[in-house]
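Asks:
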Amino acid sequence: MSLVDNPNCALTLYTNPMSRGQIARWMLEETELEYQQVILEYEQSMKSAEYLSINPMGKVPAISHEGKVITECAAICAYLADITTNITLAPAIADRADYYRWLFFAAGPLEAAIVNRSLGVEVSAEKQRMVGYGQYDMVVDVLAKKLSESDYICGSHFTAADVYIGSHVIWGTLFGSLPERSEFSDYAARLTNRSAYLRAKSIDDQLIQARENS
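Take the sequence shown: its position 54, counted from the start at 1, is 54 in the UniProt record's numbering, and no numbers get skipped.
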């Protein structure tokens, strides 16, 4: 039996409302593309043979578009921006330096630094060259400086990079994985007022509430 309800829908989101799938849903809402969702459970359907054939890591989110599977949140954001034609969610190729630089800064140094800090992993000074991010405080300072320079990652225009980086910043300001700094809180406030963000959050909040009430 297929996980999807409508095999004729070109775009499918595989997610759990209490996961990084919230990032992919926000990005989908920004695109305004039609999509269907498949809600997976961590130790059940997410580890099923059918889903492992889609993502062998057994993790969400993943998307399927016209038979092609994309995993990893940064890749999903970049891919969806590229297939969206009615809304500009990525700069022109010649103007993508900041877009790529900071999108992958968040997927690499930023996420690694935040996860290690959250897990209580301390990297000694003599071993900082062995980790891609070097030092948590330096990563934070570099990101804060970038966010102080413009409203969005690519200047005055919102892009898919803001969905991915913004998700880290919004989470960090809510749950303390980033320090309290005006650069982060101001950026988060701009993003959480977006209609697509509010739509995506409402969908996931309703799914979470329904689960709690069941």
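Here a beta-carbon is modelled for each residue, glycine too, at the ideal position from N, C-alpha and C.
1. Provide the residue span of the alpha helix (DSSP H) that contains LEU103, from first to last.
2. Please report the distance separating the alpha-carbon of VAL123 from that of MET138.
3. Is ILE153 near ASP98, with beta carbons less than 8 Å apart?
4. With a CB to CB cut of under 6 Å and the five nearest residues on each side skipped, what residues in its chain are close to TYR136?
5. Assess contact between the segment 205-214 and the segment 165-182, defined as three or more Cβ pairs (one per stretch) separated by less than 8 Å. Is contact present?
6. Can you tell me the Cα-Cα spacing of ALA196 and GLY120, whole angstroms?
7. Identify the continuous alpha helix (DSSP H) that holds TYR79 and give its terminal residues.
8. Starting from ILE165 and walking both ways along the alpha helix (DSSP H), at which residues does that stretch end?
9. CA-CA distance, MET1 and VAL142?
10. Can you tell me the Cα-Cα spacing of ALA94 and MET27, whole angstroms?
11. May I ask you to report which of helix, strand or coil DSSP gives SER118?
12. Once DSSP output is grouped into helix, strand and coil, what is the label at LEU13?
13. Contact defined as beta carbons within less than 8 Å: I believe ILE87 pairs with GLU32. What is the distance between those atoms, to the nearest angstrom?
Replies: With the structure as the only source:
1. 97-105
2. 13 Å
3. yes
4. ALA113, ARG117
5. no
6. 34 Å
7. 73-83 is the extent of the alpha helix (DSSP H) around TYR79.
8. 160-175
9. Residue confidence for MET1 is low, a pLDDT of 41 falling below 50, so the modelled location carries little weight and cannot support an answer.
10. 23 Å
11. helix
12. strand
13. About 6 Å separates the beta carbons of ILE87 and GLU32, which is inside the 8 Å limit, making them a contact pair.
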